[in-house]
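One structure is given here, and the rest of the page talks about it.
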Amino acid sequence: MLDLGTKGWRWGSVLARQHRMASKFSDFLTEKKIDPRSVLAASKMIERLRPEDRAIRLKERIARRSEDGMPEEMKKNRVKPKSGKPVTRPAMQAALEGKAISGPLKTRLVRAVNHILQVKKLNQVDIRTLF
33 MLDLGTKGWR WGSVLARQHR MASKFSDFLT EKKIDPRSVL AASKMIERLR
83 PEDRAIRLKE RIARRSEDGM PEEMKKNRVK PKSGKPVTRP AMQAALEGKA
133 ISGPLKTRLV RAVNHILQVK KLNQVDIRTL F
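Read the sequence shown against our numbering and you will find it ends at 163, with the numbers running on by one and no gaps.
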């Protein structure tokens with residue numbers, strides 16, 4: 033147990049200074065010398081909706097509203113558009129601290145890290161390597 037002395041207005045600041053355990057994700061970023069801010073920027077660039085993504089969504093929306101519904105061949109050959117949701121700062125902080133994060137968020141983080149690794153001409157990683 034920590035000896036915090038008297039409980040006063042500084043109680044919260046003492047707790048904030050405690051170091052948390054590093055996660056597998058944060059260890060990987062420090063090992064490869066990747067700044068978390070660059071992961072945020074890469075995610076924002078990658079996940080941005082582009083005209084081709086909007087065209088895919090429009091085509092599916094029109095097909096669903098038709099009398100027949102969406103044809104089976106269109107369901108089988110479906111191309112998924114980007115989510116349009118980049119990694120946020122709180123989500124990045126949770127990943128660095130090793131807290132529980134959702135599957136889609138892990139996928140977006142892996143996509144952003146792989147983009148940075150590709151720019152640095154390093155081998156890409158899979159989700160099991162980071163989480």
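Just so it is clear, CB atoms sit at the ideal spot from N, CA and C, and this is done for glycine as well. Bear in mind that the values here come from a model prediction, so they are computed numbers and not experimental data.
Where the alpha helix (DSSP H) through residue i begins and ends
i, result
"residue 146", "135-151"
"residue 66", "Per DSSP, residue 66 belongs to no alpha helix (DSSP H) and is neither H nor E."
"residue 107", "104-108"
"residue 85", "83-97"
Beta-carbon proximity of residue i to residue j, cut-off 9 Å
i, j, result
"residue 130", "residue 58", "yes"
"residue 118", "residue 78", "yes"
"residue 61", "residue 71", "yes"
Collapsed DSSP secondary structure at residue i in the structure displayed
i, result
"residue 60", "helix"
"residue 55", "coil"
"residue 155", "coil"
C-alpha distance - residue i paired with residue j, whole-angstrom precision
i, j, result
"residue 100", "residue 151", "45 Å"
"residue 142", "residue 111", "20 Å"
"residue 96", "residue 102", "5 Å"
"residue 126", "residue 75", "16 Å"
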